[in-house]
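Undergrad: The structure follows.
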Amino acid sequence: MNDTGIDNYNRAFALSFAISSLLSALLVVLKEQNADTLLAWMKAATGHHWITHGILVVAVFVLLGWLLAQTTLGTRLTGSGLSAVISGSLVVSGLIIAGYFI
Amino acid sequence: MQSELILLAHPSFGVLAILAALWVFTEAINNSDTSRGRLRTMSLVSAGLMWLSYLVGGYWYVVYYAADKALINAGPWPFAHGFFMEVKEHIFFSLLLLSTYLPIAVFSLTSGKLALKPVVLWVSAWIVVLGLAMEGAGAVISMGAKMALLATQSMGTTP
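Laid out in structure tokens, this is it:
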């Protein structure tokens with residue numbers, strides 16, 4: 090635990106959530122814009138692009154959380170800071186997805 | 085029949101997950117010794133139910149939704165798929181990850197890491213807000229299918 094009172098895995102998985110959520114939103118735009126390549130590959134990989142998307146998002150969340158726990162990234166973030174990162178990521182990724190389909 | 089039961093189970097698991105997250109939010113405000121067990125249990129219940137909602141809803145979406153999608157797109161409410169379903173199916177991933185993270189934060193909070201209290205409050209509150217948004221989007225999608233069926237019926241093309 091560092092001096093902000095946040096333990097290593099909480100910091101790591103909170104940041105991992107924020108990054109994974111944004112990457113997921115960007116993947117939505119990328120796959121929709123590249124129907125013949127990326128979307129086609131995602132369909133072929135599991136039979137449905139949404140299944141592939143889900144597997145990728147969960148895998149990135151777990152892997153990135155574990156990797157970030159080995160680093161010192163964000164160790165100065167307080168509980169309020171982490172909450173702001175989580176909320177900011179949610180709002181931005183939500184706006185990217187909703188903005189794309191509107 | 086199986087399709088309808090699955091379709092009902094998806095929002096049911098979802099709303100129960102929302103209620104469990106709301107329970108976590110209210111317990112976390114006090115975060116006393118007596119609430120520790122309930123906080124841990126309800127965070128796990130919320131995450132478990134959200135995963136069930138995802139798996140059941142995902143199965144239905146992959147196996148059965150294509151027919152509904154064609155119906156909605158041909159009906160008077162094509163935005164029920166074009167906007168609401170597209171947004172719902174993709175924002176759900178963020179909700180799923182958030183629900184998965186909730187027990188991680190709660191178990192640390194209840195182990196004495198009090199700095200995590202705002203994180204637990206924000207995460208559980210977001211699960212409630214996003215979960216309700218998913219329920220609302222589901223209702224619009226359902227209405228889109230209903231409107232399409234009514235339009236077909238009014239033209240006399242259903243049996």
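So the sequence lines, in the order shown, correspond to chains V and H. All the letters of the first sequence, read from the start, carry residue numbers 90 to 191 under our numbering. All the letters of the second sequence, read from the start, carry residue numbers 85 to 243 under our numbering. Glycine included, every Cβ here is placed at the ideal spot set by N, Cα and C. From a predicted model like this one, the values you see are computed outputs, not experimental measurements.
Using the beta-carbon of each residue, which ones in chain V are nearer than 7 Å to residue 131(H)?
TA: Residues of chain V passing the Cβ test: none, with the nearest at roughly 13 Å.
Undergrad: Using DSSP with H/G/I as helix, E/B as strand and the rest coil, what is residue 126(H)?
TA: The answer is helix: DSSP assigns residue 126(H) an H, G or I state.
Undergrad: In this structure, does DSSP put residue 107(H) in helix, strand or coil?
TA: Of the three classes helix, strand and coil, the one that applies to residue 107(H) here is helix, per DSSP.
Undergrad: Chain H partners of residue 171(V), CB-CB under 7 Å?
TA: What residue 171(V) touches in chain H: 203.
Undergrad: In chain V, which residues lie with their C-beta within 9 Å of the C-beta of residue 94(H)?
TA: Here the premise fails: no neighbours, minimum Cβ distance about 14 Å.
Undergrad: Starting from residue 161(H), follow the alpha helix (DSSP H) in both directions and report where the run begins and ends.
TA: Neither: residue 161(H) is in no alpha helix (DSSP H) and is coded neither H nor E.
Undergrad: Near residue 171(V), which residues of its chain fall below 6 Å by C-beta distance, leaving aside the five closest residues on each side in sequence?
TA: Around residue 171(V): 103.
Undergrad: Between the stretch 108-124 of chain H and chain V, which residues of the former have CB atoms less than 8 Å from a CB of the latter, in chain order?
TA: Result list empty, no residue passes.
Undergrad: Around the Cβ of residue 126(V), are there at least 16 other Cβ atoms within 10 angstroms (buried) or fewer (exposed)?
TA: Flag for residue 126(V) reads exposed.
Undergrad: I'd like the list of long-range same chain contacts for residue 120(H), defined as Cβ closer than 8 Å, with 5 residues on each side in sequence excluded.
TA: Excluding sequence neighbours, residue 120(H) sits near 194.
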